[in-house]
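Trainee: Dropping a structure here in structure tokens format, bear with me for questions.
2 protein chains.
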Amino acid sequence: MAEINTKTLNTGDDAEYELIYWPGIPGRAEFVRLLFEEAGVPYKDHARTPDQAVAKVLALMDLKNIGDDSNPPILAPPALKHGNVILSQTPNILIYLAPKLGLSPPATETAFYHLNQAALTILDGFSNEVHETHHPIAVSMYYEDQKEEAKKRSKAFSEERAPKFLAYVQRLLDSKTSGGGPWLHGDRVTYVDLVLFQCIDGTSYAFPKTMAQLKSSGKYDGVFKLYEAVKERPNIKSYLASDRRAKYADGIYRHYPELEDTIEVEVTLSK
Amino acid sequence: MAEINTKTLNTGDDAEYELIYWPGIPGRAEFVRLLFEEAGVPYKDHARTPDQAVAKVLALMDLKNIGDDSNPPILAPPALKHGNVILSQTPNILIYLAPKLGLSPPATETAFYHLNQAALTILDGFSNEVHETHHPIAVSMYYEDQKEEAKKRSKAFSEERAPKFLAYVQRLLDSKTSGGGPWLHGDRVTYVDLVLFQCIDGTSYAFPKTMAQLKSSGKYDGVFKLYEAVKERPNIKSYLASDRRAKYADGIYRHYPELEDTIEVEVTLSK
Numbered sequence: 011m012a013e014i015n016t017k018t019l020n021t022g023d024d025a026e027y028e029l030i031y032w033p034g035i036p037g038r039a040e041f042v043r044l045l046f047e048e049a050g051v052p053y054k055d056h057a058r059t060p061d062q063a064v065a066k067v068l069a070l071m072d073l074k075n076i077g078d079d080s081n082p083p084i085l086a087p088p089a090l091k092h093g094n095v096i097l098s099q100t101p102n103i104l105i106y107l108a109p110k111l112g113l114s115p116p117a118t119e120t121a122f123y124h125l126n127q128a129a130l131t132i133l134d135g136f137s138n139e140v141h142e143t144h145h146p147i148a149v150s151m152y153y154e155d156q157k158e159e160a161k162k163r164s165k166a167f168s169e170e171r172a173p174k175f176l177a178y179v180q181r182l183l184d185s186k187t188s189g190g191g192p193w194l195h196g197d198r199v200t201y202v203d204l205v206l207f208q209c210i211d212g213t214s215y216a217f218p219k220t221m222a223q224l225k226s227s228g229k230y231d232g233v234f235k236l237y238e239a240v241k242e243r244p245n246i247k248s249y250l251a252s253d254r255r256a257k258y259a260d261g262i263y264r265h266y267p268e269l270e271d272t273i274e275v276e277v278t279l280s281k
Numbered sequence: 011m012a013e014i015n016t017k018t019l020n021t022g023d024d025a026e027y028e029l030i031y032w033p034g035i036p037g038r039a040e041f042v043r044l045l046f047e048e049a050g051v052p053y054k055d056h057a058r059t060p061d062q063a064v065a066k067v068l069a070l071m072d073l074k075n076i077g078d079d080s081n082p083p084i085l086a087p088p089a090l091k092h093g094n095v096i097l098s099q100t101p102n103i104l105i106y107l108a109p110k111l112g113l114s115p116p117a118t119e120t121a122f123y124h125l126n127q128a129a130l131t132i133l134d135g136f137s138n139e140v141h142e143t144h145h146p147i148a149v150s151m152y153y154e155d156q157k158e159e160a161k162k163r164s165k166a167f168s169e170e171r172a173p174k175f176l177a178y179v180q181r182l183l184d185s186k187t188s189g190g191g192p193w194l195h196g197d198r199v200t201y202v203d204l205v206l207f208q209c210i211d212g213t214s215y216a217f218p219k220t221m222a223q224l225k226s227s228g229k230y231d232g233v234f235k236l237y238e239a240v241k242e243r244p245n246i247k248s249y250l251a252s253d254r255r256a257k258y259a260d261g262i263y264r265h266y267p268e269l270e271d272t273i274e275v276e277v278t279l280s281k
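These protein sequence lines are chains B and Z, in that order.
Per my numbering, the first sequence starts with residue 11, numbered consecutively.
Per my numbering, the second sequence starts with residue 11, numbered consecutively.
Okay, structure coming up:
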């Protein structure tokens, strides 16, 4: 897999990678962490120094922050700092990093765009839409104050959206651009396999009944096989067992059992 | 602005561009159309032959469609066909097209990622979140059956989200990476200016009271000046006056007056 020509980037490839995010949750930063961990590339994870991490995030998000000479301001974390480059937006950080870490072909190849397409779709279904299940009205309101709406949105997620997106990922695995092995694109692991792993892992934490029923349907075996294959990658396995892996808490993936009270996933599956 | 080296792409730059989308609404395809129109590059817009467009979209989305030899399947339109390349996901189509059309630097430059970061954020705030205002519970349900929830979500959009995202775009315009002129990045128009134009135009259609109040606050003058500057670009101006520009209808941007009944944007603005 060819490396992108970085000569015109305003950074040396030997510059340190820094990840800036809230401490105490995997959150959206987890998608970025998994790339570093799989590649075995060191990175400074500011969330691991929680007494300074919050101030660091708040400074980046400050309404008076208009960036610096070469970087526009960011709206929200995660942010990646690499040399004098600062980037935000998870899928954007991923396409910047993945070719450098050997986890994507460069932007001169069509596969770069097919991988970005898959990453955006998987993040839509299993990250953005999962967040909406517990905050369907307003991110500024407590969950308890939008619980009834959350139940309705979650029912639609479990019965319609999760099966729809799982079926799409299974189609990606059934396509000719996926190789004979477990991976989404070609014969080797890419960053999108890592994105899918984290999405399935987090969604299974938030909606265990839903995901167990969908898994047992046998319709998405390739997806769950891929999930297990990522989990067994040596670097990922040791990362998951380490204290660097944060536990799920009040982030994107939250486990509120009442949100699965009335689901009937089999209704969808029998269609 | 250097052109991306397309020699390793599986397509000739002289191949025809085809846009596949639902007929009758601007929708997400509009972001792509505006690039072609600004650049003056011909494209075959399948939505313009409505008797065939729906079948074309449905074939792409078919659950049995697993793509072809070099393209994975797509989940939803818009899709771009260029030579033998098929791509989906709006922000992904934009980063593929923009460097070819002279509306973005290539992926070897940091600005490519800063523009993608801005596009993703603007689309989050003024396209994805606007869609959620009228469908906060389920895309499969009628608006009428989720109207009460839509009112609550819209109130949060008008009072919190729209000001938040407008303030961010204004910060982008105040940053050093924005040039002295009206544009978001440097001294010339990029695709992100076109994305912002469409987002402001559509959101102003859907939430006219909200956007009028926000405009009259004077806090986001740069944003609304940029909107006007795009509108006056010669190619854009003649496009908007042509019958190629679809009218807003039941797409992302819908005008339901009741969704603005109880808004108090000034509450936010006085903070």
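Every residue gets a Cβ at the ideal spot worked out from N, C-alpha and C, and that includes glycine.
(1) According to DSSP, is Gly-189/B part of a helix, a strand, or is it coil?
(2) At a Cβ threshold of 9 Å, is Trp-193/Z touching chain B?
(3) Going by DSSP, which residues form a beta bridge with Glu-28/B?
(4) Using only CA atoms, which one of Ala-251/Z, Leu-104/Z, Glu-119/Z lies nearest to Arg-291/Z?
(5) What residue range is occupied by the uninterrupted alpha helix (DSSP H) comprising Glu-242/Z?
(6) Determine whether the beta carbon atoms of Phe-125/Z and His-56/Z lie at a separation below 9 Å.
(7) In the DSSP output, which residue or residues are listed as bridge partners for Val-96/B?
(8) Any Cβ of chain Z within less than 9 Å of the Cβ of Ala-128/B?
(9) Indicate whether Val-275/B and Val-233/B have their beta-carbon atoms separated by less than 9 Å.
(10) What residue does the alpha helix (DSSP H) around Tyr-178/B start on, and which one ends it?
(11) Run through chain B and tell me which residues come within less than 9 Å of Glu-170/Z, C-beta to C-beta.
(12) Is there a Cβ from chain B that is less than 9 Å from the Cβ of Ser-226/Z?
(13) Output the residue ranges of the alpha helix (DSSP H) runs that lie fully inside the stretch 83-171 of chain B and measure 4 residues or longer, sorted by chain position.
(14) Between which residues of its own chain and Thr-200/Z is the CB-CB distance below 8 Å, once the five residues before and five after are set aside?
(15) Given that a residue counts as buried once 16 or more other Cβ atoms are within 10 Å of its Cβ, and exposed if not, what is Thr-220/Z?
(16) Taking only beta-carbon positions, decide if Ile-342/B is within less than 9 Å of chain Z.
(17) What does Leu-85/B reach in chain Z if we use C-beta pairs closer than 7 Å?
(18) Of all Cβ atoms in chain Z, is any one closer than 9 Å to the Cβ of Met-11/B?
(19) Would you say His-92/Z and Ala-160/Z are within 9 Å of each other, going by their C-beta atoms?
(20) Ends of the alpha helix (DSSP H) at Leu-44/Z?
(21) Taking the beta carbon of Asp-155/Z as the centre, do at least 16 other beta carbons fall within 10 Å, making it buried, or is it exposed?
(22) Can Val-202/B and Ala-86/B be called in contact, C-beta distance under 9 Å?
(23) Just by C-beta distance, which residues in the stretch 59-82 of chain Z are closer than 8 Å to chain B?
(24) What span of residues does the alpha helix (DSSP H) with Lys-229/B cover, start to end?
(25) Give, in chain order, every residue of the stretch 243-263 of chain B whose Cβ lies closer than 9 Å to some Cβ of chain Z.
(26) Going along the stretch 97-117 of chain B in order, which residues come within less than 7 Å of chain Z, judged by CB to CB distance?
(27) Tell me the residue span of the alpha helix (DSSP H) that contains Tyr-215/B.
(28) For the alpha helix (DSSP H) containing Leu-68/Z, list its first residue and its last residue.
(29) If we ignore side chains and look at the alpha-carbon of each, how far apart do Ala-89/Z and Leu-204/Z end up?
(30) So, does the CB of Asp-184/B fall closer than 9 Å to a CB anywhere in chain Z?
(31) Are Ser-164/B and Glu-242/B close, meaning C-beta to C-beta below 9 Å?
(32) Rounded to a whole number of angstroms, what is the C-alpha to C-alpha distance between Ser-185/Z and Asn-81/B?
(33) For Lys-162/Z, would you say it is in contact with chain B, using Cβ-to-Cβ distances shorter than 9 Å as the test?
(34) Determine, for Phe-136/B, whether the minimum Cβ-Cβ distance to residues of chain Z falls below 9 Å.
(35) To the nearest angstrom, how far is the alpha carbon of Asn-338/B from that of Arg-43/B?
Mentor: According to the data block:
(1) In the structure shown, Gly-189/B falls within a coil segment according to DSSP collapsed to helix, strand and coil.
(2) Interface annotation, Trp-193/Z: not in contact with chain B, CB-CB separation never under 9 Å.
(3) Lys-54/B, Lys-91/B, per the DSSP bridge assignment.
(4) A question about residue 291/Z goes unanswered here, because the residues of chain Z that appear run from 11 up to 281.
(5) No alpha helix (DSSP H) holds Glu-242/Z; DSSP gives it neither H nor E.
(6) Just to set this straight, residue 125/Z is Leu in the shown sequence, not Phe. No, Cβ-Cβ distance for Leu-125/Z and His-56/Z is not below 9 Å.
(7) As written in the sequence, residue 96/B is Ile, which differs from the Val given in the question. Lys-91/B, per the DSSP bridge assignment.
(8) Output row for Ala-128/B: interface = yes.
(9) In this structure, Val-233/B does not lie closer than 9 Å to Val-275/B by Cβ.
(10) DSSP places Tyr-178/B in the uninterrupted alpha helix (DSSP H) bounded by 172-184.
(11) Here the neighbours are Ala-148, Val-149, Ser-150.
(12) So no, Ser-226/Z is outside the interface.
(13) When DSSP assignments are scanned along the stretch 83-171 of chain B, the uninterrupted stretches of alpha helix (DSSP H) that are 4 or more residues long and fall wholly within it turn out to be 100-110, 120-133, 139-144, 157-166.
(14) Answer for Thr-200/Z: Ala-108, Leu-113, Ser-114, Leu-125, Trp-193, Leu-194, listed in chain order.
(15) Buried is the call here.
(16) The structure shown does not extend to residue 342/B, since chain B is modelled only from 11 through 281, so no value can be given for it.
(17) Under the 7 Å cutoff, chain Z gives Thr-131, Tyr-178.
(18) Bear in mind that the predicted position of Met-11/B carries a pLDDT of just 35, short of 50, making it unreliable; the figure below should be weighed with that in mind. Using a CB distance cut-off of 9 Å, Met-11/B does not count as an interface residue toward chain Z.
(19) Using a Cβ distance threshold of 9 Å, His-92/Z and Ala-160/Z do not count as a contacting pair.
(20) Here the alpha helix (DSSP H) through Leu-44/Z covers 39-49.
(21) When all chains shown are included, Asp-155/Z counts as exposed.
(22) With a cutoff of 9 Å on beta-carbon distance, Val-202/B and Ala-86/B are scored as not near each other.
(23) Result list: Leu-73, Asn-75, Ile-76, Gly-77, Asp-78, Asp-79, Ser-80, Asn-81, Pro-82.
(24) Taken as a continuous stretch (DSSP letters only), Lys-229/B belongs to no alpha helix (DSSP H), as it is neither H nor E.
(25) For the stretch 243-263 of chain B, the beta-carbon criterion of a distance under 9 Å to any beta-carbon of chain Z is satisfied by none of its residues.
(26) Correct list: Leu-97, Ser-98, Gln-99, Pro-101, Asn-102, Tyr-106, Ala-117.
(27) Looking at the DSSP string, the run of the alpha helix (DSSP H) that includes Tyr-215/B is 201-216.
(28) Here the alpha helix (DSSP H) through Leu-68/Z covers 60-71.
(29) Taking C-alpha positions only, Ala-89/Z is separated from Leu-204/Z by approximately 19 Å.
(30) Interface residue (Cβ-Cβ distance to chain Z less than 9 Å): Asp-184/B is classified as such.
(31) Not a contact, by the Cβ cut-off of 9 Å.
(32) Straight-line Cα distance between these residues: approximately 8 Å.
(33) Interface annotation, Lys-162/Z: in contact with chain B, CB-CB separation under 9 Å.
(34) No - not a single Cβ of chain Z is within 9 Å of the one on Phe-136/B.
(35) With chain B covering 11 to 281 only, the question about residue 338/B has no answer from this structure.
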